[in-house]
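Chains as they are written, first to last, in my numbering: chain A, 1 to 484; chain B, 1001 to 1484; chain C, 2001 to 2484.
Every residue gets a Cβ at the ideal spot worked out from N, C-alpha and C, and that includes glycine.
Note that the structure is a prediction, hence the values are computed from the model and not measured.
So the structure is just underneath, and the comments pick up after that.
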Amino acid sequence: MLRNLQAIVLAAGKSTPFNTDKTKLVEKICGQEMILYTTRLLESLCMPTTVVVGHQKELVQEVITKKHGDKVHFVTQEEQHGTAHAILCARDSFNEEHILIMNGDMPLVSGEIIEKLYTKHMSTNSTVSFIVAHNDDPSGRFYGRVVQQENNKIMIVEAKEFNGDFNDHCFINAGIYIVTKSFLQANIDEIEKDETSKQFYFTDIIKIASDQNQPITTIQAPFDRIRGINNFQELWAAEHIKRSELIKYWMDHGVRFSVAQNVHIDLDVTIGSGTYIGCGVHIQRGSSLGKNCFVHEFSAIENSTLADSVTIYSHCIVKDTHIGSYAKVGPFAHITENTTIQAHAVVGNFVEVKRSVIGAYSKAKHLTYLGDADIGANVNIGAGTITCNHDGKNKHTTTIKDGAYIGSNNTLVAPVTIDENAFTAAGSTITSFVPKDALAIGRARQINKDGYAAKLRTGKQEQEDASFIGAVKTNKDTKLSEGT
Amino acid sequence: MLRNLQAIVLAAGKSTPFNTDKTKLVEKICGQEMILYTTRLLESLCMPTTVVVGHQKELVQEVITKKHGDKVHFVTQEEQHGTAHAILCARDSFNEEHILIMNGDMPLVSGEIIEKLYTKHMSTNSTVSFIVAHNDDPSGRFYGRVVQQENNKIMIVEAKEFNGDFNDHCFINAGIYIVTKSFLQANIDEIEKDETSKQFYFTDIIKIASDQNQPITTIQAPFDRIRGINNFQELWAAEHIKRSELIKYWMDHGVRFSVAQNVHIDLDVTIGSGTYIGCGVHIQRGSSLGKNCFVHEFSAIENSTLADSVTIYSHCIVKDTHIGSYAKVGPFAHITENTTIQAHAVVGNFVEVKRSVIGAYSKAKHLTYLGDADIGANVNIGAGTITCNHDGKNKHTTTIKDGAYIGSNNTLVAPVTIDENAFTAAGSTITSFVPKDALAIGRARQINKDGYAAKLRTGKQEQEDASFIGAVKTNKDTKLSEGT
Amino acid sequence: MLRNLQAIVLAAGKSTPFNTDKTKLVEKICGQEMILYTTRLLESLCMPTTVVVGHQKELVQEVITKKHGDKVHFVTQEEQHGTAHAILCARDSFNEEHILIMNGDMPLVSGEIIEKLYTKHMSTNSTVSFIVAHNDDPSGRFYGRVVQQENNKIMIVEAKEFNGDFNDHCFINAGIYIVTKSFLQANIDEIEKDETSKQFYFTDIIKIASDQNQPITTIQAPFDRIRGINNFQELWAAEHIKRSELIKYWMDHGVRFSVAQNVHIDLDVTIGSGTYIGCGVHIQRGSSLGKNCFVHEFSAIENSTLADSVTIYSHCIVKDTHIGSYAKVGPFAHITENTTIQAHAVVGNFVEVKRSVIGAYSKAKHLTYLGDADIGANVNIGAGTITCNHDGKNKHTTTIKDGAYIGSNNTLVAPVTIDENAFTAAGSTITSFVPKDALAIGRARQINKDGYAAKLRTGKQEQEDASFIGAVKTNKDTKLSEGT
C-alpha cells in the first residue's frame, strides 16, 4: 500500500483518431475493457481512485461500476478543455497528501512502475514526479517531449507543438505524475489556455514547478509499458504485447501451444498443465481448462469450464458450458447456453447442443440438434436426430433416460419422454411417451415399385407432375386437402 | 499526367524459379493478378501503355484485357532472348518523346516513385534515368548491381555475372528506366548478346549511354517498394507488405482487427467504421461491409455485400450474397450463389443457403439446406429441414410465404408452395401445395411395442433379420416389392 | 560415413522446466518426436548409436524403437546424477576410437555441423573437440559458458554457476563433443561431484583435458542450429524455425502458400508443384498432396493422399483417406477412417464420411452421414441422407450401386443394398433391398388440414396437448402403446 496517495484517472476525452462512435476506453484488450486495466491496477495498489469522465460517460461508468461497485469515485468534466481542466474538475476530491494522475488508456503499466515512482517521489521529497520513456521513433509522435532548457529548466512540449528533433529530445512524457496536493491546489488554476488548441494542458505543471524551483524528479520506464492507445494500430500493438505475455506465462506453467502466434487468450482464463492448445484457438471470458486437455485448431471456448483430460477437436464452439473429464467434443460441434456434457460423453460432428444435459458415457455423434434436452447416462443418439423443442410459442423439454437408444434421423417432438432402455426405430417421428424397454416406431413401411425409376427416367412426358425426388406426387396429390 | 511519356511493360519472360506451369504474372496478390498492379499504376498516371507478352501470352492478355479493355496495347516477343530483345520487339510502338520501361512483376511500386523519376529525368534533361535501391543483403541477389567504374563510368552488372561484394556495391538496379525515344531508337540495336547467357540485357543501355557521355541520372527508392517477385518466397513477402498496408488503412478508418496478423483482405474491399474483424477472417473479391458489423473468427466473405450492423459468427462462408442490416449468420453457415438474406433474418449453424431469398425476420437456425428457396418474411424453418430442389434433372423452387412455420426435420419436395401462415408438422415430407392457414402432415403415426427393445437386446438370435435401428424390418420386408 | 565414430545420446534427464508429467523428448516438433531428430540425424550419418535413458525410459525407448527397430542401443541411468554420470553408465558400449556425445534435445542440429566437428577433430588430432556458439543474450542463459582462463586454460562454467558477463564470455557450450575413447575411458571417473548441485558435469572434461595439456579444438555453429529445448517457449521457437524451413522448401518447389505464417506442416509430408495452401491449413502425418491441388483456409489433412488437381474447400478435415484426382471436398466436410473418394467425386458441406468408398463422379453434397457405405460411380446422395450403420451392437454396410439416386432426407438402414439405377423417394426410410431400376418409397402421404394452423394459433386452450410442431399429437396418442 502506498500511503497518503490517491489517484485521479483521466477518462473524459473523445477518441477521435479511432474513427468510431464508441469511446476507446471500453474497447477490450484480451477480453478486458481498456479502462479497467487502470482501475484494477490502482485497486491492486489499494489506492482511492477518482475517475474523471466526460465523453460517453455512462458507458465508461457502467463498465467500471460493474467491476468495482461503488469503490471508484466519479467526477464529470462536462466539456472537454484539456487535461488540466479535467483535473480541475476533480478538485473537490483532493484528499490525500499526494496525488497520482494518469490517463485511462495505458493498459500495460505495471504496479512496479507506479511503486517506483512513488518511492522516488517520497525519497526525494519532490513536489512533482513523473515518468518518462526513451523514444526516438515515430511510435512516440503522439507524446509530449521532455525538453531541458538552457537555463536548466525543464518543460514538456505537447506533441502537436513539438517541432524539434526526436533524437535531441528522446524522452517522452508518459503522462503519469505524482504531485503534492498543496502544490496542485495552489497551481492548477495557473495553467493557461494554449492559444493554438484552446486547451489547458496539465503538462504545463512541470514548467510552473520548474519556474518556481520546486524539486522535480523523474523515473524512466520502458516505452512498451507506458504506451498509450491512440488509435486501432496502437490498440493492436498493445493487445499483441499483452497476449504474448499471457501465452508465455501459460507456457511456463506447462501448457503447450502449437502455433502460439495465432492463439487468442483472455486475461482471466486458467489452463492446467499438460494441456495442448492448437493453432488459432480462442480461450475467452473466464474459461477454465483442466489438466491434460486437448483443444485442437480453430476451436473457441468461452465462459466455460473443462475438467481434466477433455478433448475438444478442431472447429468447435463451446460457450457457457461445463464439460466433464474425458469427454470428447467435435470436430464441428457447437455447444452453448448453460449446457453440461458429463464425463466420458461424446458429442460429434455437426452437432448443436443448447440448454441441455448429456449424461456420462452418452453419445450424440453426427448431424444432430439437441435443444432443451435432458439426457441420461449411456444413451445413444442416432445420426440426424432433431429435438423439436419449440412449438412456435414455447420451448419444451425432451427427456431421454439412461440406456435409451434413439435411432437415426429421428424427430423428437417435445415435450416427450423416452424411458430407460427404450429404443426408437430409425426414421421415426416420436410424439409421445415411450415406455421403459419398449420399441417406438413412427414411420411408413417401404414399398418398391419395380421398373418405375427407369420409366421416370425415360418417359418423362407421361409423368409431368411427378417429381423425381418427390416420386409419389401425382395429379391426385393436388386435391388432397381436406377440412378438419 | 506525365507529358510526352509512354510505358513499355516487360511481361514476356518465363517464371522458371516458381517451379509451376503457370506464369507468375497472373498469381494474385491480395486478390489482384500481379501484372495488374503495374498496368493499373500506369493507368492511374494516364500513361499510354504497351505490354510485351510472350510466355503464356493468352493468359496475360486475358487478365489485362478483362480489366482495361482495349486501352492497353500488346506486342509479342515470340522467343525470349532477354530484356533488350523484348524492347526491340516493341520498337514500332515508340510514339512519345520519353519512354518508361519497367517489369511486370513489381506490384509495390507507387505512383509517387514514377513521378519522382519523371520529374528528375525532365529537370536534369537526362538521356537515361533509372531507379536504384540500397540493398546489401541476400534479398538483393537477383538484381543487377550498379557499378561505378574507375573512369567514372557507370554500368549495371547482371546478378548472375556479379561477383563483387554487396557492401561495396550496395545499390541494385530496380529495373525501371526512362529513356529518351531518340536515344533508345538509335542504340537498342547496339546491345550485344551476353556470351554466357546468350541473352540481350537492356541493362547494357546504361553502359552505352555512359560511354557516350550521355547525361544519366538516378533516383533512390526503398527496396520494399521496388522489389520484384522472382519466386514464391518473394511473392509471400510482397503480399505480406501489401496486406499489412491494407489492414493499417482500415484500422485508421475505424475498423477493429482482433488478431490482425492473421487476417486476409483483398485490395478492392471496403469496410465501414465501427466494424470488428476477428482472427483469420478473409474478406475478398470486392466485398463491401457496412458500419458496425461483426465478422467473427475464421469466417470468409467473398463478393458479397453486408449492410450495417450485420453479425457473421465464426466459421461462416458467405459468397456472392447480400445480407441486410441486423441479420445474423452462423456460426458454421454456408451461404452462396446469389442469395439474399434480408434485414433481421437469422441463419444458424450447419445451414446451407444457395440461390435463395430469406425474408426479413425469418429464421433458419439449425442443420438445414435451402436451395432455390423463395422465403417470405417472418417465416420459421424448423431444424433439419431439407429442400429437395433437384429432381435428378432440373432445379425447382420451394416457395414459403410470409408467416409460415415449417416443422422440424421436414422434407420439402420442390416445386412446392407453402402459403401464408400455414404450418407443417414435424417430420413431414411435403410434396404439394399447403393452403394459407392450413396444417400439412406427411408422416406416420407412432406405435410403441412394449418390451420389444428388451427382447431385441437379449434374444437376438430369434430376430436375425431385425436391425436394431431399422427395427420393423422383418422377413416379410424382403418380399415387399410390387409392380407398378 | 564418419569412420571410427560412435554416438552416445543423453536422454535420461527430467524435463522439470516443462511443468508437465511427460518427458520433453517425446514432444513433437513438426510431427516428429524431439528425440528422433537426433537419432535420425545419427542414422543418416551411419553412426552406431547408444541412447542413455532414465526418466520415463519406456516412453523414450518406445518412440525410438518404433522408428529404428533394434538398431539403436539403450543403456539405463537408473538415478540421474548429471551428464558425466550418464556417460559413465554407457561405458560398456564404448567401442569405436572416437565417441560423439550429444544431448537428445537438439532438434535443429544438421549433419553438416557434425561432419565439420568430426573433420576438425581428426585433422587436428585432438583429444576433445566440441561445438560452441556465439550468444550474448538471455536466450543463452541455460547454457554453459566457455571461459578462457588467465593461464590460457579453457573450461566450461555451467549456467547455474556462471556469474560473469555474457559479453565477456560470449561463447556457449552447445553440448556436442567428440572425445577419443582412450581419453574418455581414462578420465570419465575423474570428474568430481559439483558441491552445490550434487551433480557430475561432463563439461568438466574440458578442464581436465586442458589441465593435461591435451589438444582441444572447437568449431563454431549458429546458435539457432544448436539450440536445446529447455521449456515450452524454446520448443515453440524451435518448431517455428523448423516450420519456416519446411515452408520455404516447399515454396521453392512450386507450392503457393497464401498466409504462410499461419500454416502448419509436418516434416514428412510431400506437396506437388502448382498446389495452393490456404491460411491456417494443417498438413500432417505423412500426407502426400499431388500437383495443382487447392487446399483452402482452415482445412486439415492428416495421413492422407491426394491425387493431382484435388480441391479441398475451407474448414475440412481429411484423415486416413485417399482422394482421387479432380475430386472436390467441402467446405465443412469431415472424412476419416480409411475412406476412399474416387476421381471427380464431390463431397459437400456438413457431410461426414467414414470407412466408406465413394465412386467416381458420385456426389454427396449436403448434410449427410455416410458410414460403412460402399457407393458406386455416378451415384447421387440427396441432402440430409443418413446411413444407419450401427444397430446398437454391430456395424453394417450400406451398398449403393452405380447410377442410383437417393432422394433427400433418406434414412438407409444397413445392411441394405440399393441396386443400379434405382431411385428412392425423398423422405424415405429404406430398410430392404431396392432392385435395379426400381423406385422405393418409405414415407407417409401428405394430408392438409385446412384452417387448422390458424386454429392452433388462436384457440390454443382447446388444444392443450397439441404441439405446434408435433401437430398431430392428440390425447389419444398417449394411449397408443401396444404389446408386441
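(message) Short of 8 Å Cβ to Cβ, which residues in the segment 2364-2381 of chain C face chain B?
(response) Within the segment 2364-2381 of chain C, the residues whose Cβ lies closer than 8 Å to some Cβ of chain B are His2366, Leu2367 and Asn2380, listed in chain order.
(request) Flag Gln2463/C as yes if its beta-carbon sits less than 8 Å from any beta-carbon of chain A, otherwise no. (result) Here the model assigns Gln2463/C a pLDDT of 46, short of 50, so the residue's position is not dependable, and the following value carries that caveat. No, Gln2463/C does not count as interfacial toward chain A.
(message) So, at 7 Å on beta carbons, what are the nonlocal neighbours of Lys436/A in its own chain, with the 5 sequence-adjacent residues on each side left out?
(response) Listed in chain order, the non-local C-beta contacts of Lys436/A below 7 Å within the same chain comprise Asp419, Glu420, Asn421 and Ala422, local neighbours out to five positions each way being set aside.
(message) Would Ser126/A and Ile216/A be called neighbours here (beta carbons separated by less than 8 Å)?
(response) The answer is yes: Cβ separation under 8 Å.
(request) Put Gln1061/B into one of helix, strand or coil per three-state DSSP. (result) Reduced to three states, the DSSP call for Gln1061/B is helix.
(message) Once the 5 residues before and after Gly1290/B are set aside, which same chain residues still bring their CB inside 6 Å of it?
(response) The beta carbon of Gly1290/B is closer than 6 Å to those of Gly1272, Leu1306, Ala1307 and Asp1308 in its chain, skipping five residues each way along the sequence.
(request) Could you confirm whether any beta carbon from chain B is found closer than 8 Å to the beta carbon of Glu352/A? (result) It does; some Cβ of chain B falls within 8 Å.
(request) Please report the Cβ distance between Lys181/A and His315/A, rounded to the nearest whole angstrom; I am assuming they are in contact, meaning their Cβ atoms lie under 8 Å. (result) The Cβ separation is near 57 Å, so there is no contact.
(message) Spatial neighbours of Asp1194/B within its chain, please: C-beta separation below 8 Å, excluding the five flanking residues on both sides.
(response) Cβ within range, chain order: Gly1082, Glu1158, Glu1161, Phe1200 and Tyr1201.
(request) Please specify which runs of the alpha helix (DSSP H), each continuous and at least 4 residues long, are wholly inside the segment 2011-2072 of chain C, giving them in chain order. (result) Correct list: 2034-2044 and 2057-2068.
(message) Bridge partners for Phe1130/B per DSSP, in chain order?
(response) DSSP output for Phe1130/B lists Tyr1177/B and Thr1218/B as bridge partner(s).
(request) Kindly indicate the opening and closing residues of the alpha helix (DSSP H) around Glu245/A. (result) Following the DSSP letters along the chain, one finds Glu245/A inside the alpha helix (DSSP H) bounded by residues Phe232 to Asp252.
(message) Which of the three DSSP states is assigned to Lys460/A in this structure?
(response) For Lys460/A, the pLDDT reaches just 49, beneath the cut-off of 50, and the residue's location in the model is therefore unreliable, leaving the point undetermined.
(request) Note down, in chain order, every chain C residue with its Cβ under 7 Å from the Cβ of Tyr177/A. (result) Going along chain C, no residue has its Cβ under 7 Å from Tyr177/A, so there is no contact; the nearest lies around 33 Å.
(message) Counting only Cβ-Cβ distances shorter than 9 Å, please list the residues of the segment 2277-2305 of chain C near chain B, keeping chain order.
(response) Hits within the stretch, in order: Gly2278, Cys2279, Gly2280, Lys2291, Asn2292, His2296, Glu2297 and Phe2298.
(request) Give a yes or no on whether the C-beta atoms belonging to Ser1356/B and Ala1343/B are separated by under 8 Å. (result) No, these two residues do not count as a Cβ contact at 8 Å.
(request) Return no unless some Cβ of chain A is closer than 8 Å to the Cβ of Glu2245/C. (result) No, no contact with chain A.
(request) Taking only beta carbons into account, state which residues of the segment 1388-1410 of chain B come closer than 9 Å to chain C, listed in chain order. (result) For chain C, the residues of the segment 1388-1410 of chain B that bring a beta carbon within less than 9 Å of one of its beta carbons are Cys1388, Asn1389, His1390, Gly1392, Ala1404, Tyr1405, Gly1407, Ser1408, Asn1409 and Asn1410, in chain order.
(message) I'd like to know if Lys2460/C contacts chain B, where contact means its C-beta is closer than 8 Å to some C-beta of that chain.
(response) Legend: pLDDT at Lys2460/C = 49, less than 50; position of this residue unreliable, no value from coordinates given.
(message) Looking at the secondary structure, which residues open and close the alpha helix (DSSP H) in which Glu352/A lies?
(response) Careful: Glu352/A lies outside any alpha helix (DSSP H), inside the beta strand (DSSP E) at Val346 to Lys354.
(message) By alpha-carbon positions, which one of Thr23/A, Ala84/A and Ser299/A ends up nearest to Gln185/A?
(response) For Gln185/A, the closest of Thr23/A, Ala84/A and Ser299/A by C-alpha to C-alpha distance is Ala84/A.
(message) Let me see if you follow: with CB-CB separation under 8 Å, is Arg443/A close to chain B or not?
(response) With its beta carbon less than 8 Å from one in chain B, Arg443/A belongs to the interface.
(message) Please confirm whether Gly2274/C has its beta-carbon closer than 8 Å to some beta-carbon of chain B.
(response) Yes, because at least one Cβ of chain B sits closer than 8 Å to the Cβ of Gly2274/C.
(message) Can you list, in chain order, the residues of its chain with a C-beta nearer than 8 Å to that of Lys14/A? Leave out the 5 residues immediately preceding and following it.
(response) Thr23, His55 and Gln80.
(message) Excluding the 5 residues flanking Thr1340/B on each side, which residues of the same chain have their C-beta closer than 6 Å to its C-beta?
(response) Within the same chain, Thr1340/B has close Cβ partners His1322 and Val1357.
(request) Mind checking who Gln1006/B pairs with in its DSSP beta bridge? (result) Here Gln1006/B is bridged, per DSSP, to Ile1099/B.
(message) Give me the subset of the segment 327-353 of chain A whose CB atoms are less than 9 Å from a CB atom of chain B, sorted by chain position.
(response) Residues passing the 9 Å Cβ filter: Phe332, His334, Phe350, Val351 and Glu352.
(message) What would DSSP say about Ala209/A, mapped onto helix, strand or coil?
(response) DSSP places Ala209/A within a helical segment (H, G or I) once states are collapsed to three.
(request) Determine the burial state of Gln2149/C: buried for a count of at least 16 other Cβ atoms within 10 Å of its Cβ, exposed for fewer. (result) Counting Cβ neighbours within 10 Å, Gln2149/C comes out exposed, since fewer than 16 surround it.
(message) Measuring alpha carbon to alpha carbon, tell me which residue in Ala327/A, Ile317/A, Leu235/A and Ile188/A is nearest Thr311/A.
(response) Comparing Cα positions, the closest option is Ala327/A.
(request) Would you mind stating whether Ala1364/B and Gly1348/B have Cβ atoms separated by less than 8 Å? (result) Against a cut-off of 8 Å, the Cβ pair of Gly1348/B and Ala1364/B comes out as a contact.
(request) Compare the Cα-Cα distances from Gly1392/B to each of Gly2382/C, Leu2088/C, Ile2335/C and Met2102/C and report the closest residue. (result) Considering only alpha carbons, the answer is Gly2382/C.
(request) Use the C-beta contact count for Thr1050/B: other C-beta atoms within 10 angstroms, 16 or more gives buried, fewer gives exposed. (result) Around the beta-carbon of Thr1050/B, 16 or more other beta-carbon atoms lie within 10 Å, marking it buried.
(message) Is it buried or exposed, Pro415/A, if we count other Cβ atoms within 10 angstroms and call 16 or more buried?
(response) It is buried - the Cβ of Pro415/A has at least 16 other Cβ atoms within 10 Å.
(request) Kindly say whether Thr1119/B, judged by its beta-carbon, lies nearer than 8 Å to any beta-carbon of chain C. (result) Chain C, which has no Cβ nearer than 8 Å to the Cβ of Thr1119/B, makes this no.
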